[in-house]
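S.K.:
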C-alpha cells in the first residue's frame with residue numbers, strides 16, 4: 369500500500385481516509401527527564417569484538433561518560449586514558465521496553481565521529497537474528513553517509529522501489545548469513561551522518577515499521593516537519609522515504625515474522641568486525657597500523673565520539 373502512495377493522485381476523501389489510517393498515538397518519550405531510567409546498561413563483552421569496555425551506569429556517571437546537559441542526553445566515551453586495558457570505556461544502552469511495529473522518531477543533535485569509532489542507533493529482538501535487527505543510524509571510521517540496514521534469519525528478501533534518488537541498495541537479501549550480512553541502503557547526503565550531520569546541528573530520523581515494510585526518513589535541523597514538532601506525525605505528508613524496505617522477489621519478506629519484540633539501542637564501540645575489518649582500506653589507515661593501536665594510543669581523538677540526544681518518541 370505504501371508503494372503507491374507517493375505516485376497516485378489522491379482525492380480529498382481518500383486523503384482523509386489515509387490520514388485516519390496513519391493516525392498515531394504517543395506512547396513513550398525518552399529524554400532528559402527519564403532517559404537513563406528507561407534504559408539498561410549492557411556490560412558484557414562486545415558481540416562485535418570491539419576494543420571497548422562497556423561500563424555500568426554508576427561507572428559511566430563517575431567517569432562523565434553520561435549526563436543530562438541543557439535538557440539533552442549526553443552519551444560519551446573515555447577520551448583521556450592512554451592504553452586502556454581491555455578496551456576504551458563506552459556505554460551501550462538497551463531500552464527496557466520492547467515494541468512490535470510503530471513509528472519511532474529520534475531528534476539528535478550530535479553523533480559520535482572519528483577513525484576507529486562504530487556508532488549505532490538500532491533495534492533488535494530476542495534470539496537474534498531470528499527476531500530481526502533494524503539499523504537506523506550506523507557507520508564506521510571516516511564514513512560520510514549513513515548505512516540503513518536490516519538483518520534477519522533466512523527468508524527475507526526486500527525491494528526498495530521508493531528510496532530517494534541517489535541512495536544505493538547494497539544488498540536485497542536480509543539474511544545475516546548472506547554475503548553482505550543483511551540488506552542495506554547507503555544514503556547519499558553527508559548531512560545525515562557523521563561530521564556533516566554534526567555541522568548542521570543534526571536533525572530528526574523517523575522509522576516506520578509496519579506489516580507492509582520498514583521506512584526511514586531524515587530531515588536536517590531547520591527542515592523538520594511541523595507535524596513532528598506538534599507531536600501529530602503524519603507520514604503521508606512526508607514524501608519519499610530516505611530508505612524503503614518492502615517485500616521483494618523469491619518469496620519476499622514477512623515483516624510480521626521477521627521483526628518482533630524489538631528494543632531500542634544506542635552504543636559506540638571501537639574497531640571490531642566492521643571498523644577494524646575495513647581499517648586497512650580506509651583513509652584512517654594512514655594514522656596507525658591497526659584500528660586497535662590507534663584507539664589505544666590516541667585518547668584525545670575521541671572527544672567528538674558522543675551522542676547528544678534531544679528525545680526519542682515512540683508512536684503506536
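In our numbering, the protein residues as written are 369 to 684. C-beta: ideal position from N, C-alpha, C; glycine also.
Can you tell me whether DSSP reads residue 564 as helix, strand or coil?
M.R.: In this structure, residue 564 counts as helix in the three-state DSSP scheme.
S.K.: Assuming the contact rule is C-beta atoms closer than 8 Å, residue 410 and residue 441 should be a hit. Round their C-beta distance to whole Å, please.
M.R.: Not really, about 17 Å apart at Cβ, beyond 8 Å.
S.K.: Which residue from 505, 663 and 577 puts its Cα closest to that of residue 454?
M.R.: With distances taken between Cα atoms, residue 454 lies closest to 663.
S.K.: Could you check where the beta strand (DSSP E) with residue 437 kicks off and where it finishes?
M.R.: Unbroken beta strand (DSSP E) run through residue 437: 434-437.
S.K.: For residue 457, which residues of its own chain have a beta-carbon under 6 Å away from its beta-carbon, when the five flanking residues on both sides are left out?
M.R.: Contacts found: 421, 423 and 446.
S.K.: Output the distance between the C-alpha atoms of residue 627 and residue 589, rounded to the nearest integer angstrom.
M.R.: The alpha-carbon atoms of residue 627 and residue 589 are separated by roughly 30 Å.
S.K.: Along the chain, which unbroken stretches of the beta strand (DSSP E) at least 3 residues long are found entirely within the region 529-611?
M.R.: Whole beta strand (DSSP E) segments, 3+ residues: 536-539, 551-554, 571-578 and 581-588.
S.K.: Taking C-alpha atoms, which residue in 559, 515, 541 and 545 lies nearest to residue 551?
M.R.: Comparing Cα-Cα distances from residue 551 to each of 559, 515, 541 and 545, the minimum goes to 541.
S.K.: Short of 8 Å in beta carbon distance, which residues of its chain neighbour residue 431, apart from the five on each side in sequence? Order them along the chain.
M.R.: Closer than 8 Å at the Cβ level, and outside the excluded window around residue 431, lie 423, 446 and 457.
S.K.: Taking three-plus beta-carbon pairs below 8 Å as touching, is the region 562-578 in contact with the region 645-661?
M.R.: These segments do not touch.
S.K.: Tell me whether the beta-carbon of residue 472 lies closer than 8 Å to the beta-carbon of residue 633.
M.R.: Cβ distance not < 8 Å, so residue 472 and residue 633 don't count as in contact.
S.K.: Helix, strand or coil for residue 635, going by three-state DSSP, please let me know.
M.R.: Strand.
S.K.: Using 7 Å as the cut-off, classify the Cβ of residue 391 as near or not near the heavy atoms of the ligand MG, replying yes or no.
M.R.: Because no ligand of any kind appears in the structure shown, any question about the ligand MG cannot be addressed here.
S.K.: Taking the Cβ atom as the reference point for each residue, do residue 512 and residue 480 lie within a distance shorter than 8 Å?
M.R.: No, the Cβ-Cβ distance between residue 512 and residue 480 is not below 8 Å.
S.K.: Residues in the same chain with beta-carbon distance under 6 Å from residue 524, minus the five sequence neighbours each way, listed in chain order, please.
M.R.: Correct list, in chain order: 542, 621 and 626.
S.K.: Note down, one range per segment and in chain order, each alpha helix (DSSP H) of at least 4 residues found wholly within the region 455-499.
M.R.: Correct list: empty.
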